[in-house]
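**Student:** Structure incoming, see below.
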Amino acid sequence: MSRTALALAAAGAAALLSTASAEAQADDTAPTVGGGSGILVDSRVGCTLTTIGRDNEQRLVGLTAGHCGEPGATVVVEGDPDGTAVGRFAYTDHTLDYAVIEFDAQRVTPVNQIGGTTITELGGPAFFPAVVCKRGSTSGTSCGVVWGDVRATATETWTQMCVMKGDSGAPVVAGSTLVGMVNAYLGVGCLGPEVGTNISAIMNDLNARGGVGAGYRPL
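Going by mature numbering (1 follows the signal peptide of the UniProt record, and there is no 0), the letters in the sequence shown line up with residues -26 to -1, 1 to 193, in that order.
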């Protein structure tokens, strides 16, 4: 190989390294997002992300409580000093109280663990006397006994976990299995029972509807 060819090859390799380095730097600076992360909707409503992963079209999507926002609402990661919008609400269901967020994959670093909460799979609802845990942006991690499904349609499960304003959408997990999301509490925060929607009910509805979020799987 001539010296000219060698020089061109070296320059090409350097360019590739430079590009890879720049991409790595961009990834490093993007805010980390996962189930349990705090989010701001339209820069004013504080909620919690339930989970993040890919749908059947490989879009980066997440779930949160439906009362947190309407389709088109912007999502900012809580605590992000830049306040950059990283996604938008793609769909909101007020019957089951869940929403689908489509994220800009270039603006977030998705993870399956926030704090001590890890989400690796989806599962059916837990039953009394099982103990489940949640990770909320306001009250952090707490665990409590499951009281059970309270509707004939088996879409809700009540638990005795500490829940406060801002925890809406928080993941409810049994080990690393996502079994539900936090939607509300009765009476007084951290005293009254938590009311949540079963993830199985949400996925059944989401898959039947199709579109953004259908076929969702966590990371």
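All C-beta atoms in this analysis are idealised placements derived from N, C-alpha and C, irrespective of residue type, glycine included.
Treat the numbers as computed from the prediction; the structure is a model and nothing was measured.
1) So the alpha helix (DSSP H) N178 belongs to, where does it begin and stop?
2) For A(-20), I'd like the list of residues in its chain whose CB is within less than 7 angstroms of its CB, leaving aside the five on either flank, ordered along the chain.
3) For I88, which residues from the same chain have a beta carbon less than 7 angstroms from its beta carbon, with the 5 sequence-adjacent residues on both sides left out?
4) Hey, would you say V106 sits closer than 8 angstroms to V124, going by beta carbons?
5) With H, G and I counted as helix, E and B as strand and the rest as coil, what does DSSP make of G53?
6) Thinking C-alpha only, which one of P5, G118, D16, L23 is nearest T112?
7) Got a sec: does the ligand MN put a non-hydrogen atom nearer than 7 angstroms to the Cβ of C21?
8) Taking I173 as the reference, which of R183, V156, G140 has the closest Cα?
9) Excluding the five sequence neighbours on either side, which residues of its own chain have a C-beta within less than 7 angstroms of the C-beta of L14, listed in chain order?
10) Using a Cβ-Cβ cutoff of less than 7 angstroms, which residues in the same chain neighbour T129 once the five nearest sequence positions on both sides are dropped?
11) Can you tell me whether C42 is helix, strand or coil according to DSSP?
12) Note down the Cα distance separating T94 from V85, rounded to an integer number of angstroms.
13) Would you identify the three-state DSSP class for T91, choosing helix, strand or coil?
14) Which residue marks the beginning of the beta strand (DSSP E) containing Y72, and which one marks its end?
**Tutor:** Quick answer:
1) Residue 178 sits at position 204 when you count from the first residue of the sequence shown. Element bounds for N178: 173 to 183.
2) What you label residue -20 is simply residue 7 of the sequence shown in a count that begins at 1. In this prediction, A(-20) scores a pLDDT of 37, lower than 50, which makes its location untrustworthy; no coordinate-derived value is stated.
3) Counting from 1 along the sequence shown, the entry for residue 88 is found at position 114. Within the same chain, I88 has close Cβ partners G8, G9, G10, S11, R109.
4) In the sequence shown, counting from the first residue as 1, residue 106 sits at position 132. In the sequence shown, counting from the first residue as 1, residue 124 sits at position 150. The answer is no: Cβ separation not under 8 angstroms.
5) Here residue 53 is taken as the residue at index 79 of the sequence shown, counted from 1. G53 sits in coil when the DSSP states are folded into three classes, being neither helix nor strand.
6) By one-based count along the sequence shown, residue 112 stands at place 138. With distances taken between Cα atoms, T112 lies closest to L23.
7) Although the ligand MN was asked about, the structure shown includes no ligands whatsoever.
8) For the purposes of this step, residue 173 is identified with residue 199 of the sequence shown, where counting begins at 1. Checked all of R183, V156, G140; the closest Cα to I173 is V156.
9) Stepping through the sequence shown from its first residue, residue 14 is reached at position 40. So the qualifying residues of the chain are G20, V50, E52.
10) The residue you call residue 129 lines up with position 155 of the sequence shown. L70, T171, N172, A175, listed in sequence order.
11) As a working note, residue 42 is residue 68 in the sequence shown. Note: C42 maps to helix in three-state DSSP.
12) By one-based count along the sequence shown, residue 94 stands at place 120. By one-based count along the sequence shown, residue 85 stands at place 111. About 10 angstroms.
13) Within the sequence shown, residue 91 is the residue found at index 117, counting from 1. It is a strand residue.
14) Within the sequence shown, numbered from 1, the residue matching residue 72 stands at position 98. Where Y72 is concerned, the enclosing beta strand (DSSP E) stretches over 72 to 77.
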